[in-house]
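There are 2 protein chains.
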Amino acid sequence: MKALVTGAAGFIGSNLVDRLLAEGHAVIGVDNLSTGRLEFLEKARQSQSFSFVRADLLNHGGLADLMGGADLVFHMAANADVRFGTQHPHRDLEQNTIVTFKVLEAMRQAGVSRIVFASTGSIYGEAAVFPTPEDAPFPVQTSFYGASKLACEGLIEAFCEGLGMTGYIFRFVSILGERYTHGHVVDFCDQLREHPERLRVLGDGRQRKSYLHVQDCIDAILLALDQANGRVNIFNLGTDQYCEVNDSIAWICERLGVHPRLDYTGGDRGWVGDNPFIFLDCSRIRGLGWRPKLGIREAVVRTVDDLARARLPAK
Amino acid sequence: MKALVTGAAGFIGSNLVDRLLAEGHAVIGVDNLSTGRLEFLEKARQSQSFSFVRADLLNHGGLADLMGGADLVFHMAANADVRFGTQHPHRDLEQNTIVTFKVLEAMRQAGVSRIVFASTGSIYGEAAVFPTPEDAPFPVQTSFYGASKLACEGLIEAFCEGLGMTGYIFRFVSILGERYTHGHVVDFCDQLREHPERLRVLGDGRQRKSYLHVQDCIDAILLALDQANGRVNIFNLGTDQYCEVNDSIAWICERLGVHPRLDYTGGDRGWVGDNPFIFLDCSRIRGLGWRPKLGIREAVVRTVDDLARARLPAK
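Just so you know, the protein sequences line up as chains A and B, in that order. According to the numbering used here, the residues represented by the first sequence are 253 to 567, in order. According to the numbering used here, the residues represented by the second sequence are 253 to 567, in order.
Spelled out as structure tokens, the structure:
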């Protein structure tokens with residue numbers, strides 16, 4: 253299989269690239285390196301089966317040419333910053349919605365018909381049902397990020413329905429693991445490294461969130477790609493657990509051996525548009541035989557270790 | 253009240269403009285006249301309270317200036333062509349999704365916080381529940397038009413949630429009435445005028461559709477604007493009825509006094525992405541006291557009469 257991976261130098265994208273290469277596939281990685289890091293592809297670039305193209309999907313004229321001969325596209329590139337969406341609403345529109353449209357149009361021109369898309373549980377907004385299934389009541393969007401991913405899903409579905417493509421849409425909870433670069437674990441670890449005696453916590457710490465380890469996430473994607481055969485295949489991806497932000501803080505502090513004072517900013521949301529409760533019903537993907545190997549606590553603790561290792565000075 | 257109406261020279265937009273003026277409001281009408289017709293604003297332009305600006309919302313630099321002093325925006329401009337979406341997918345993205353984003357950004361700059369949005373029952377795709385309520389199971393999109401309107405709804409919701417706006421989103425069934433310019437009634441009337449002895453019908457004629465008269469539609473919008481006070485207010489708009497395309501054909505033929513041979517193209521859909529059954533649950537808007545004055549049959553027959561009148565040579 254020859255796959256094109258967008259966002260190849262990002263957290264999830266680079267882990268996916270490594271896995272695809274390990275399984276013997278050929279991979280073209282595309283990234284504009286705006287948030288992706290070339291060092292995440294250090295191992296991949298030693299492979300004969302990998303090629304990297306630095307390109308901005310929003311403005312790249314020859315996207316269809318890049319896709320020549322690819323069997324499918326893993327579209328992982330995105331503005332993944334949920335929190336600051338209100339500061340620059342155009343970013344989610346451009347980097348997510350419009351870029352996804354351009355990827356789909358390039359696929360059509362190049363005759364590539366299968367797309368895997370990294371969507372998000374954020375599109376359920378403040379869900380009315382927990383755990384939230386894929387066919388939950390029609391949600392109201394609460395963030396520009398969620399709105400843009402919803403728009404991407406709609407575009408993919410329209411291309412599948414109207415133009416014969418096949419789509420695999422995965423609605424992720426927060427993903428953790430090696431090369432994780434933003435989110436609460438990295439924020440807390442950064443803070444505690446700088447001042448182990450105190451920790452600023454957005455909201456009241458009672459927000460209930462779900463996490464999944466990146467390797468479990470990739471297992472699920474590859475399994476679904478092999479097993480699901482609808483025109484549009486939509487899967488929630490998460491563990492069957494959730495935790496409070498306070499639980500995660502306790503695990504992180506225990507692992508780091510620190511006992512900080514907790515300074516809560518207050519309120520039941522970390523920021524405008526923060527979902528106070530994310531918990532997805534993942535029985536659809538479990539029905540294909542997938543089980544996550546790591547629970548939330550293990551995923552958090554491993555990520556703390558990965559972050560500590562990544563910060564050691566280079567040899 | 254001072255309202256800005258986009259798509260002011262269109263079918264629904266121009267009827268809305270006339271109503272707003274009749275109720276004593278000031279109206280700024282904006283239209284690029286790509287499908288809108290200046291003649292639809294003939295009456296409005298005689299009013300001191302009306303001003304018209306020919307502008308393309310996609311490329312207009314000074315949109316925020318146009319909005320100065322407006323109390324709310326009725327965003328009715330759109331590419332309303334569902335059927336040919338697969339021939340030019342970028343059109344729905346640009347004319348609907350991106351234009352809506354630009355309208356919202358201009359509103360933010362101009363300090364206008366209320367938006368009324370013309371959405372569509374098409375966003376329910378092939379619904380799983382009939383009649384379909386606003387909180388139906390999370391739909392899969394089946395047309396570029398539906399996908400683009402879904403994207404617009406998400407954007408409006410994100411602006412409401414994150415940036416303090418208030419949104420009124422109306423998911424229309426097909427709207428009929430004076431100045432109606434595209435859809436099955438105009439298509440059938442055009443055909444029967446040209447060759448009264450035969451009628452080409454897309455699909456098998458068994459598709460079940462819902463229609464609403466434009467004046468009932470406007471009644472509902474203005475009532476909701478007055479009565480609903482959520483941050484995001486979403487309403488289905490339709491009658492509590494549906495009909496088969498064959499029913500509509502019978503009413504049209506009876507009204508025109510013709511007996512054509514019916515040539516069905518076959519299949520249960522008129523075209524790729526055509527919904528074989530549209531029937532919305534409108535109990536939410538009925539809960540505010542709204543009742544349509546015309547049923548589907550009366551709406552169809554009046555539209556046939558309107559079309560016949562519009563085709564009479566000018567005096």
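Ideal Cβ positions, reconstructed from N, Cα and C, are used throughout, including at glycine.
Item to complete: Under 7 Å Cβ to Cβ from B:R306, same chain only, skipping five residues before and after it: list those, please.
Response: D283, N284 and L285
Discussion item. Just to check my reading of the structure: B:R460 and B:F529 have Cβ atoms closer than 8 Å, yes? What is that Cβ distance to the nearest angstrom?
Written reply: 5 Å
Discussion item. Based on DSSP bridge pairs, tell me the residues matched to A:N527.
Written reply: According to DSSP, A:N527 bridges with nothing at all.
Discussion item. For A:E211 and A:A379, I'd like the C-alpha separation in whole angstroms.
Written reply: Missing from the structure shown is residue 211 of chain A; chain A here goes from 253 to 567 and no further.
Worksheet item: If we ignore side chains and look at the alpha-carbon of each, how far apart do A:C495 and B:L532 end up?
Response: 39 Å
Worksheet item: Which residues in the same chain as B:T517 place their Cβ atom closer than 6 Å to its Cβ, once the five residues preceding and following it in sequence are excluded?
Response: L454
Discussion item. For a quick check, are the C-beta atoms of B:F568 and B:Y432 less than 8 Å apart?
Written reply: Missing from the structure shown is residue 568 of chain B; chain B here goes from 253 to 567 and no further.
Practice prompt. Helix, strand or coil for A:A566, going by three-state DSSP, please let me know.
Written response: For A:A566, the predicted model reports a pLDDT of 49, less than 50, meaning its position is unreliable and no value from the coordinates is stated.
Discussion item. So, with DSSP's three-state summary, where would you put A:A296?
Written reply: DSSP, reduced to helix, strand and coil, places A:A296 within a helical segment of the structure shown.
Fill in: Residues of its chain near B:E386, where Cβ-Cβ distance is below 8 Å and the 5 sequence neighbours each way are ignored
R423, I486, F487, N488, D533 and R536
Worksheet item: So, do the stretch 511 to 526 of chain A and the stretch 331 to 348 of chain A have three or more beta carbon pairs nearer to each other than 8 Å?
Response: yes
Practice prompt. List the residues of chain B whose Cβ lies closer than 7 Å to the Cβ of A:V425, in chain order.
Written response: Ordered by position in chain B, no residue passes the 7 Å Cβ test against A:V425, which lies about 17 Å from the chain.
Discussion item. With a threshold of 6 Å on Cβ separation, who are the neighbours of A:N498 within its own chain once the five nearest residues in sequence on each side are excluded?
Written reply: G457
Fill in: Minimum length 4: unbroken alpha helix (DSSP H) runs contained in the stretch 500 to 555 of chain B
Correct list: 535 to 538.
Discussion item. Helix, strand or coil for B:D283? Go by DSSP, reduced to three states.
Written reply: strand
Worksheet item: Measuring CA to CA, which of A:S374, A:G416, A:A472 and A:V425 is closest to A:F396?
Response: A:S374
Worksheet item: How about the stretch 546 to 553 of chain A and the stretch 396 to 405 of chain A: do they share at least three Cβ pairs that are nearer than 8 Å?
Response: no
Discussion item. Within 8 Å of any Cβ in chain B, is that where the Cβ of A:G570 sits?
Written reply: Any property of residue 570 of chain A remains undetermined from this structure, which presents chain A solely from 253 to 567.
Item to complete: Pull out every residue of the stretch 267 to 294 of chain A whose Cβ sits closer than 9 Å to any Cβ of chain B, in chain order.
Response: none
Item to complete: Name the two residues that bound the continuous beta strand (DSSP E) containing B:N199.
Response: In the structure displayed, chain B extends from 253 to 567; residue 199 of chain B sits before or after that span and is not available.
Worksheet entry | Option nearest A:N538 by Cα separation, candidates A:L559, A:V553, A:L508 and A:A480 | Here the sequence assigns Arg to residue 538 of chain A, which means Asn is not the residue at that position. That would be A:A480, whose Cα lies nearest to the Cα of A:R538.
Item to complete: Closer than 8 Å by beta-carbon distance: list the chain A residues that pair up with B:V524, in chain order.
Response: E413 and G414
Worksheet item: chain A partners of B:L345, CB-CB under 7 Å?
Response: F353
Worksheet entry | Local conformation of B:Y432 per DSSP, three classes | coil
Worksheet entry | Residues bridged to A:R450 (per DSSP) | A:R513
Worksheet item: Which partner residues does A:Y463 have in the DSSP bridge list?
Response: A:S426
Worksheet entry | Under the three-state DSSP convention, the category A:Y420 falls into | Looking at A:Y420 - three-state DSSP - the assignment turns out to be strand.
Worksheet item: Mind checking B:A560: buried by the 16 CB within 10 Å criterion, or exposed?
Response: When all chains shown are included, B:A560 counts as exposed.
Worksheet item: For A:A562, which residues of its own chain have a beta-carbon under 6 Å away from its beta-carbon, when the five flanking residues on both sides are left out?
Response: none
Discussion item. Please confirm whether A:F390 has its beta-carbon closer than 8 Å to some beta-carbon of chain B.
Written reply: At least one chain B Cβ lies under 8 Å of A:F390.
Fill in: Members of the stretch 396 to 413 of chain A near chain B, C-beta cut-off 8 Å
So the close ones are F396, G398, A399, S400, L402, A403, E405, G406, L407, E409, A410, F411 and E413.
Discussion item. Our contact map puts B:V325 next to B:L273 with C-beta atoms below 8 Å; I'd like the distance itself, whole angstroms only.
Written reply: Actually they do not touch by this definition, with Cβ atoms about 16 Å apart.
Discussion item. Quick check for students: name the residue ranges of the beta strand (DSSP E) that lie wholly in the stretch 363 to 418 of chain B, counting only runs of 3 or more.
Written reply: 366 to 372
Practice prompt. Check whether the Cβ atoms of A:A590 and A:A316 sit closer than 8 Å, and answer yes or no.
Written response: There is simply no residue 590 of chain A to check, as chain A begins at 253 and stops at 567 in what is shown.
Fill in: Environment of A:G377 [buried if 16+ CB atoms lie within 10 Å]
buried
Worksheet item: How would you write the range of the alpha helix (DSSP H) that A:A316 sits in, first residue to last?
Response: DSSP places A:A316 in the uninterrupted alpha helix (DSSP H) bounded by L315 to L318.
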